[in-house]
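Chemist: Residue numbers (our numbering), protein chains in the order written: chain A, 10 to 174; chain B, 12 to 338; chain C, 6 to 674; chain D, 124 to 321.
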Amino acid sequence: MTDDTFEPTIIGFTCNWCSYRASDLAGTARMKYAPNVRLIRLMCSGRLDPTFVLRALSGGADGVMITGCHPGECHYIEQNYKALRRFLLLRRVLTGLGIEPERVKLVWASAAEGAKFAAEATAFVEEIRKLGPLNWGKADSGQQTVDHEEPSTVHRPSSEVEVPA
Amino acid sequence: MKPKFAMYWAASCGGCEIAVLNTHEKILDVDANFDVVFWPVAMDAKYKDVEAMEDGSILLTLFNGSIRNDENEHIAKLLRRKSKLLVAFGSCACEGCIPGLANLSPVGDIVHTAFNTITTDNPHGIYPRTSYDVPEGELHIPTLAKALRPLEQVVDVDYYMPGCPPESHQIAAVIDLVVKVVKGEAELPPKGATIGVGDSTVCDECPRARNVKMIKEFTRIQDIAPVDPTLCILEQGVPCNGPATRSGCNARCPQAGAQCIGCYGPAEGVMDYGARLITAFSSVIDATTPEEIDHILDGIPDPTGQVYRFNLAGSLMKANKSAWEKA
Amino acid sequence: MSDQKQERVGVYVCHCGTNIAGTVDVVDVANWAAEKLKHQGVIIAREYKFMCSSLGQELIEKDIKELGLTRVVVAACSPHLHEKTFRTAAKNAGLNPYLVELASIREQVSWVHTDKVVATAKSKAVVSGAVSRVIENRALDEIKVPINPNTLIVGGGVAGIQSALEIANAGFHVYLVEREPSIGGHMAQFDKTFPTLDCSACILTPRMVEAGTHPNITLLTWSEVTNVAGYVGNFHVTIKKKARFVNEELCTGCGICQEKCPKKVIDDVYEAGLGYRKTVYTPFAQAVPNFPVMDKENCTYFIKGTCKACEKFCPTNAIDFAQQDQMLNIDVGNIILATGYDLFDARRVSNYGYGRLPNVFTSLEFERLSNAAGPTSGNIVLRDGKTMPKSVGIIHCVGSRDKNFNNYCSTICCMQGLKFAHLVHERTGATVYNFYIDMRTAYKAYDEFYQRVLEEGTLFVRGKVAEVTDAARNDREKGKLIIQCEDTLAGKQRRIPVDMVILSSGLQPRKDAKEVGKLFGISCSMDGWFTEKHPKLDPVATMTEGIYIVGCAQGPKDIPSSVAQGAAASARVLDKILQKEVSLEPIKASINKEACSGCRICNGLCPFNAIAFIADDMVSDINPALCQGCGTCVAACPAGAISGTGFSDAQIMAQIDGLLLKNLEIGNY
Amino acid sequence: MPQMTDERVRAGMNREEDPSLLHEVSMKTAGVSHLEMCIQCGTCGGSCPVAMDMEHTPRMLFAMLRAGMREEVLRSNTPWLCVSCYHCVVRCPQEVHIADVMYTLKGMAIKAKLYSDSTAPHFSQTFVDMVEAYGRSYEMGLASRHYLRHFPLRLPSMMPMGLGMITKGRMTITPKKIKHLDQLKSILHRAKQLELTS
């Protein structure tokens, strides 16, 4: 079900100290990347409340990119590890809700890694493009009636979650 | 003339009705102060009687159960029209509760499971049909919606009373309050308030001792022996929903030696209950590598069910993707 | 959502010359905002060539005053550039500066995208996000805290000494803490310094003495910081002053105890294992302070209970075997960390044979060997202590620029290797080979030194040495150390027999750098060096207000750079002291005690110990002065009882909706 | 919202299309070669036990790859002399997988028929034949077949070494087959199929 006209909408959450600066650097260096990512600046990836991700996905985003400082390099010493823990559990919960875990990605990018930021953003857009639209924002409120025939495959939460190194 | 009172039972187990009866002699106050006009479980009344009432003529309606089919939806809208105060009564009406977990599957699967499992005696593979022609005319049964919805997703709700079911003493207190309001002795809380509950979470009422928590392993309560009866259950490695669950139950489950499962829903002002539990559980994990963290998370075998047991239908995502996609 | 009166929002879209306007249709963006975001309270949307110019700022100020704007969105460059500019403009016009929001449509849009239609569309989304967010912004006040004028400096190497002197000379008090018995650091071990070949002791000793006698400097050697609490301007520090077993009040530094002590041990620290010291000792003659310390592990009295030779001969009865470690509590306003480096352990490069082949030396060993005050009185000799080498190989980049060890360039090894070549040439006349990958002689007068060494006849081989071996293949190699490498310029493998090999080892972070970082609440890079606030524009500050890093603690560097950083940090500290108080960004978390259930989940999350549990009330509380505003606890509180200023849930949720253009229709969604 | 297409952006990010010889060799090498990371330090050439006989040290070969000297690189005897001791790989400061690159170059040289001395690839092929026939190396067969084919006159001079090896138990007269040779054969068969399709 690939749709050639599908342009993913992606919300990116960036850390004020590393990845937001990396995106600034990508700008200063005029690196070109996919225009589908819209950024929100947080003070730290540790500020990332899973609610933000759920709000974005339920509100029409096709993917969410979370970026933080490399492990061991957090400007608040170790809060990016806390973001990592949350992210891993959040992905499991999202999987249980039938959302491809690849739609939420955690990327480490330091303030110096403008090129990495740009490349990751572009790569993520392509990954989401392959997955297709999420369409949660357009999901109707459940009024539609139902025919009782075909059972689908039963969705179970999977514990196989991919993790960025 | 006494003000009018109604109570309705939509998609739910009936426990809420039992809880009302459990208020003992307080139930007599209802009769003494109200004219009960509609309460299918307690008295005979027809939908058309309700339809015939004047709009806004019922002072108080306690609506329990969530919206699973078109009949539920019809009555919800009807009672909304006829009532001054519509209370989402019990966890099902407030946030979907256990029936809401059905939103993890497409409705076709649910019906299939109900009519075609190994324990179901259905030799001819007969499935219900929503309409059927008989010589007397066409018969209808209610049609299932794609997903279950809490009351507020269908109609405007004045007050919320969570709990599975709400504690009887709180029901009594609410009845007292409304009686006082009717007599002009008290004022109503602001619209949209959650009533008959505490401001904080279950931990606030839990007498167990707690420390800074660092968990190396999540486990089930039956797998730890012995359970320390005085120490925080989460600290012992059992995913207890208490930290994120609204207080008001007096920490009944933890007091009885079991983890909180979250029936009172989120605390005041929280947008998504499951997200609060995700951060609660991940915050106590004592590991830094993805491998270690994943290993610890394996101790929560059904994370989605764990964090959304009572709240899925009322959550931001509301349902599994398959429930939206599949008809 | 909000039932308060609607805000009056002004949107200002900057052309930034053609930087933005070249890729984004700024007029379209402004018109769109005025029309489509009207229901949100946008009452004016303008575009202007350079918003950051004084005319641009005046435009905003005028609108705030005349149109009664209550919120401002500037769609321009990154907030890291001009957030302050526009906040100040708002402040000048009487609007709280935190009611201004920047929408980055330059770094985030015009500079990284090429298609004008796409870029314009994205700009609209970014503006929409900022408008939604700014409505949820709240007026905030900067937090002012007083500054304690005292300063703590940790580490008494050349960088720390420099910092201490600068501050002390300005008239403020300094506590200089050093873990060794004397200040001086690595520089005190060197003979000569490149490129000028000054005698290291000659230039350092006066500085050490000045620091030791300065009325504004409290020197605490043989001491370590054990605890740090508090925050900028108000740190409470606990220092362990280890027992010296010598009463500093009575000791005159006459040295008789050292002389009379009958026990010698190998000095692994100062003499790099090449020489001996007594068990009561000062590490070197010019030590500051000049009071000895007792080496409890090796002292005969502490082992067997007899001896006390030092006590018997001390003319002032200064020896005190009953002395205990002391814990000192001091209050300071700022802290400078000058904790230095460790030398890379050359044993790890096993193919170079250090520790196995006697005549392979480390750089620090060679420093002592060439030092006139060292174990050989400056004679450069082989391990036997007498033979002068006829040929010497100096290997660069040992443990540096190597993914098997340390990936970074240690900065000083090239110049160090050249200095060694010069000293060997000067003192022995031996043939000297330098093996290098790239010759890095940046900075003033360094390359000239390289040319001088070339002129002296040192042979340079470009190639990373593969191995050093004593397995001879022919008579020419017999009894020698053979350096095998590819001479990359000749394109041939070569085996060069020499008498002595010197490894120009790299620098690495102190082995306890991570723990020290944790103690002071600052972070380390992946390599283990302390992380500066900004690699270019703020190299001595850290993310933790009031804590500075200088010298090699921040990364490998030579003496001039260390001294420069020492002075730079002092300037920053003096700036703070003279302001008498400091403003903190009002981005803080706070706990609603009514909603807090005391579950204590947040307690383990704060690395700054800002969250305390109040057992009496069974609730947690946040100390706003300690809170750094990361927001981790805000995101973690399962009861939703913690909120954060500047980055509240309401602000971020609104921005998400705005970016997703969910706010285009009037009414609820 | 208009559609967010930006073709130039996506094209610009693509490294797959890098036409350089260096990139070609890097991509053809199994795993991650890190070939691009070479800093020309010469650790490989210094460590190599056979560098003395090589026309180019490995380092020099990598410099030639960067210079795009395809023919000179593929004609070099260097890859054929590599004994896969992995000394260079262990010591390389940039983690370049030097030995693996040598395999790639041998393969490319055979395909391009650019080797200067055919005995080297023949020797490799004979070795592979032996392994395919017996499941392991058969030194006696390898030596005798190789010398009979290329240097029959030198064969007698090899006798003393051969005898020495036999008496010390380092070489057997008759070949030894491994167990389950059929399994190995099917593995090799599959590998060849994959190679053809790749």
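Glycine included, C-beta positions come from ideal geometry on N, C-alpha and C.
With 16 as the cutoff for other CB atoms within 10 Å, does C208/D come out buried or exposed?
Modeler: Numbered from its first residue, the fourth sequence carries residue 208/D at position 85. Classification for C208/D: exposed.
Chemist: If we ignore side chains and look at the alpha-carbon of each, how far apart do N155/C and G235/C end up?
Modeler: For the purposes of this step, residue 155/C is taken as the residue at position 150 of the third sequence. For the purposes of this step, residue 235/C is taken as the residue at position 230 of the third sequence. Those two C-alpha atoms are separated by around 14 Å.
Chemist: I want to verify the contact list: residues of chain G whose CB lies under 7 Å from the CB of L57/A, in sequence order.
Modeler: Structure shown: chain G not included; protein chains present are A, B, C and D.
Chemist: Whose Cβ in chain C lies nearer than 8 Å to the Cβ of S284/D?
Modeler: Within the fourth sequence, the letter at position 161 stands for residue 284/D. Looking at the sequence provided, one finds Met at residue 284/D rather than Ser. Simply none; closest approach about 21 Å.
Chemist: Taking the beta strand (DSSP E) that G148/B belongs to, which residues open and close that run?
Modeler: Counted from its first residue, the second sequence places residue 148/B at position 137. First-last of the beta strand (DSSP E) with G148/B: G148 to H151.
Chemist: Which first and last residues belong to the alpha helix (DSSP H) in which K265/C is found?
Modeler: For this step, residue 265/C is matched to residue 260 along the third sequence. That run of the alpha helix (DSSP H) goes I261 to K265.
Chemist: Along the stretch 581-592 of chain C, where does the CB come closer than 7 Å to a CB of chain A? Name the residues.
Modeler: I592
Chemist: Compare the C-alpha of E262/D against each of M175/D, M284/D, F274/D and S280/D and name the closest.
Modeler: Along the fourth sequence, one-based indexing puts residue 262/D at 139. Nearest option by C-alpha distance: M284/D.
Chemist: Does DSSP put Y357/C in a helix, a strand or coil?
Modeler: Counting from one through the third sequence, the residue named residue 357/C turns up at place 352. The answer is helix: DSSP assigns Y357/C an H, G or I state.
Chemist: Helix, strand or coil for M74/A per DSSP?
Modeler: Position 65 of the first sequence holds residue 74/A. Residue state, collapsed to three classes: strand.
Chemist: Are three or more beta carbon pairs between the stretch 441-459 of chain C and the stretch 142-149 of chain D nearer than 8 Å?
Modeler: no
Chemist: Thinking just about the alpha-carbon of each residue, which of K149/C, V136/C and E185/C is nearest to the one in V159/C?
Modeler: Against the third sequence, residue 159/C aligns to sequence position 154. The residue with the shortest Cα to Cα distance from V159/C is E185/C.
Chemist: State the Cα-Cα distance for the pair I140/C and L342/C, rounded to the nearest angstrom.
Modeler: As a position in the third sequence, residue 140/C is number 135, starting the count at 1. As a position in the third sequence, residue 342/C is number 337, starting the count at 1. If you take the alpha carbons of I140/C and L342/C, they lie about 42 Å apart.
Chemist: Using the Cα positions of V503/C and G398/C, report the straight-line distance between them to the nearest angstrom.
Modeler: Stepping through the third sequence from its first residue, residue 503/C is reached at position 498. Stepping through the third sequence from its first residue, residue 398/C is reached at position 393. Going by the C-alpha atoms only, they are around 6 Å apart.
Chemist: With a CB to CB cut of under 7 Å and the five nearest residues on each side skipped, what residues in its chain are close to I271/C?
Modeler: Taking the third sequence and counting its residues from 1, one reaches residue 271/C at position 266. Within the same chain, I271/C has close Cβ partners G278 and Y281.
Chemist: Checking 9 Å against the spacing of the C-beta atoms, do L162/B and A113/B come in under that value?
Modeler: Stepping through the second sequence from its first residue, residue 162/B is reached at position 151. Stepping through the second sequence from its first residue, residue 113/B is reached at position 102. Their beta carbons are not under 9 Å apart, which means L162/B does not touch A113/B by this criterion.
Chemist: Could you check the C-alpha separation between Q126/D and K129/C for me, to the nearest Å?
Modeler: Taking the fourth sequence and counting its residues from 1, one reaches residue 126/D at position 3. Taking the third sequence and counting its residues from 1, one reaches residue 129/C at position 124. Below a pLDDT of 50, predicted positions are generally treated as unreliable, and Q126/D, at 33, falls in that range; the measurement from the model is reported next regardless. Near 14 Å, if we compare the C-alpha coordinates of K129/C and Q126/D.
Chemist: Taking the beta carbon of D55/B as the centre, do at least 16 other beta carbons fall within 10 Å, making it buried, or is it exposed?
Modeler: Counting from one through the second sequence, the residue named residue 55/B turns up at place 44. Result: exposed.
Chemist: Quick check on the DSSP output: the beta strand (DSSP E) that includes H157/D runs from which residue to which?
Modeler: Within the fourth sequence, the letter at position 34 stands for residue 157/D. Per DSSP, H157/D belongs to no beta strand (DSSP E) and is neither H nor E.
Chemist: Are the C-beta of K127/C and some C-beta of chain A separated by less than 9 Å?
Modeler: Here residue 127/C is taken as the residue at index 122 of the third sequence, counted from 1. With 9 Å as the cut-off, K127/C counts as an interface residue toward chain A.
Chemist: For R13/C, which residues from the same chain have a beta carbon less than 8 Å from its beta carbon, with the 5 sequence-adjacent residues on both sides left out?
Modeler: The count along the third sequence starts at 1 and reaches residue 13/C at position 8. Cβ neighbours of R13/C beyond the five flanking positions: G46, I48, L72, G73, L74, T75 and R76.
Chemist: What residue does the alpha helix (DSSP H) around A183/B start on, and which one ends it?
Modeler: Counting from one through the second sequence, the residue named residue 183/B turns up at place 172. It spans S179 to V193 - the alpha helix (DSSP H) in which A183/B sits, taken as one unbroken run.
Chemist: Going by the DSSP bridge assignment, what does M444/C pair with across the sheet?
Modeler: In the third sequence, the residue the question calls residue 444/C occupies position 439. In DSSP, M444/C forms no bridge with anything.
Chemist: Quickly, what does DSSP pair C19/C with across the bridge? List them, please.
Modeler: The residue given as residue 19/C occupies position 14 in the third sequence. Looking at the DSSP assignment, C19/C forms a beta bridge with Y53/C.
Chemist: Name the chain D residues that come within less than 8 Å of E472/C, Cβ to Cβ?
Modeler: Walking along the third sequence from the start, residue 472/C turns up at place 467. Correct list: G169 and S170.
Chemist: Below 8 Å on the Cβ atoms is my guess for M505/C versus H84/A; work out the distance and round it to an integer in Å.
Modeler: For the purposes of this step, residue 505/C is taken as the residue at position 500 of the third sequence. For the purposes of this step, residue 84/A is taken as the residue at position 75 of the first sequence. Not a contact, Cβ separation roughly 46 Å.
Chemist: So is Q163/D in contact with chain C if we call contact Cβ pairs under 9 Å?
Modeler: If you number the fourth sequence from 1, residue 163/D lands on position 40. True, the Cβ-Cβ gap to chain C drops below 9 Å.
Chemist: So the candidates are K315/D, G287/D, D252/D and H273/D; which of them puts its Cα closest to the Cα of P298/D?
Modeler: Your numbering for residue 298/D matches position 175 in the fourth sequence. Measuring from the Cα of P298/D, the nearest candidate turns out to be D252/D.
Chemist: Which residues bound the alpha helix (DSSP H) around Q167/C?
Modeler: Walking along the third sequence from the start, residue 167/C turns up at place 162. Run containing Q167/C: V163 to N174, per the alpha helix (DSSP H) assignment.
Chemist: Is I661/C helix, strand or coil by DSSP?
Modeler: Reading the third sequence from its first residue, position 656 is the one you call residue 661/C. It is helical.
Chemist: Tell me the residue span of the beta strand (DSSP E) that contains E195/D.
Modeler: Position 72 of the fourth sequence holds residue 195/D. E195/D -> not in any beta strand (DSSP E); alpha helix (DSSP H) instead, spanning R193 to R198.
Chemist: Look up D58/A in the DSSP assignment and say whether it is helix, strand or coil.
Modeler: For the purposes of this step, residue 58/A is taken as the residue at position 49 of the first sequence. D58/A: coil per DSSP, three-state reduction.
Chemist: Do G325/B and G259/B come within 9 Å of each other at the CB atom, strictly closer than that value?
Modeler: As a position in the second sequence, residue 259/B is number 248, starting the count at 1. As a position in the second sequence, residue 325/B is number 314, starting the count at 1. The answer is no: Cβ separation not under 9 Å.
Chemist: Are there 16 or more other CB atoms within 10 angstroms of the CB of E149/B, so buried, or fewer, so exposed?
Modeler: The residue you call residue 149/B lines up with position 138 of the second sequence. E149/B is exposed by the Cβ-count criterion.
Chemist: Which residues of chain C have a Cβ atom closer than 8 Å to the Cβ of R221/B, listed in chain order?
Modeler: Stepping through the second sequence from its first residue, residue 221/B is reached at position 210. Those are G603, C604 and R605, listed as they occur along chain C.
Chemist: Chain B beta carbons: is any one of them nearer than 9 Å to that of D347/C?
Modeler: On the third sequence, residue 347/C is found 342 positions in, with the first residue counted as 1. For D347/C, not one C-beta of chain B is nearer than 9 Å to its own C-beta.
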